[in-house]
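Structure first, then comments.
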Amino acid sequence: MELKFQVQTKIQKPVEEVFDAVYNPEKLSGYFTTGGASGPLDEGTTVTWKWADYPVESPVNVKKVVPNESIVLEWEGAKELMTRVEMTFEKTGPEETLVKVAESGWRETQADLDSSYSNCHGWTQMTCALKAFLEHGINLRKGAYDKEMIEDMIKSAKG
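Residue numbers for the sequence shown follow my numbering, beginning at 942 and rising by one.
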């Protein structure tokens, strides 16, 4: 059995605007990487994503970028394990984009299954936050997590 998942959300904005909101570190930090992103998601680079509300820094290895179509990256999706994240951006209308995020590469262990569930939650939250940011100019992460919740999430991820 291969552990993997895919989430998706339709966003009422042109594909170019949606893609840029993920690719551009200033925009990404407005709704997802609240502690900053060290650079744009250029193919062949490694950038660092940080969260102000979640005390983690994640190196992100950008494997492939097709502007306005896809971003493929690898990162530590579970302890000592690199997973593959594939984001696709599909124009479904002049002002509508379907964003899909798929992640794969976990080992067949309970700890990795638990990590995949946590990441699935995180990518679902990211796509919803992207939608809210682009369509309404709001940051859904602001005030969403408190210290105890974050500590519990970290303990669960470590097993």
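Glycine is no exception: its CB is placed at the ideal position from the N, C-alpha and C atoms.
Quantities reported herein were computed from a predicted structural model and do not represent experimental measurements.
Span of the alpha helix (DSSP H) around residue i
i: GLU1017; result: Careful: GLU1017 lies outside any alpha helix (DSSP H), inside the beta strand (DSSP E) at 1011 to 1019.
i: GLN1051; result: 1051 to 1077
i: LEU969; result: 966 to 969
Alpha-carbon to alpha-carbon, residue j and residue i
i: GLU967; j: SER979; result: 9 Å
i: ILE952; j: ARG1048; result: 32 Å
i: SER999; j: LEU1075; result: 24 Å
i: THR1065; j: LYS954; result: 18 Å
i: THR1024; j: ALA1085; result: 26 Å
i: ASN928; j: GLY1018; result: For residue 928 there is no data in the structure shown, the boundaries of the chain being 942 and 1100.
i: GLN1051; j: TYR972; result: 31 Å
i: ALA1070; j: MET942; result: 31 Å
i: ALA882; j: ASN1080; result: Residue 882 lies beyond the stretch modelled for the chain, which goes from 942 to 1100, so this question has no answer here.
One or two residues paired with residue i in a DSSP bridge
i: MET1023; result: GLU1017
i: LYS1083; result: DSSP, once it has assigned bridges, lists no residue as partnering LYS1083.
i: LEU944; result: TRP1047
i: GLN953; result: Its beta-bridge partners do not exist; DSSP assigns none.
i: THR987; result: ASN1002
i: THR1029; result: SER1011, LYS1041
i: GLY980; result: Answer is none; GLY980 lacks a bridge partner.
Chain-order list of residues whose beta-carbon lies under 6 Å from that of residue i (same chain, five-residue window excluded)
i: VAL1001; result: VAL988, TRP990, LEU1014, TRP1016
i: GLU1031; result: LEU1039
Other residues of its chain near residue i: CB distance less than 8 Å, five sequence neighbours each side excluded
i: THR1033; result: LYS951, LEU1039
i: ASP1053; result: LEU944, ALA1019, LEU1022, TRP1047
i: LYS1005; result: GLU984, SER1011, ILE1012, VAL1013
Where the beta strand (DSSP E) through residue i begins and ends
i: LEU1039; result: 1037 to 1047
i: PRO996; result: 995 to 1007
Cβ separation of residue i and residue j, assumed to be a contact under 8 Å, to the nearest whole Å
i: VAL1026; j: VAL1042; result: 7 Å
i: ASP994; j: THR975; result: 6 Å
i: LEU982; j: VAL1003; result: 5 Å
Cβ-based neighbour list, residue i, same chain, cut-off 7 Å, excluding 5 preceding and 5 following
i: GLU958; result: LEU1075
i: SER1056; result: GLY1018, ALA1019, TRP1047, ALA1098
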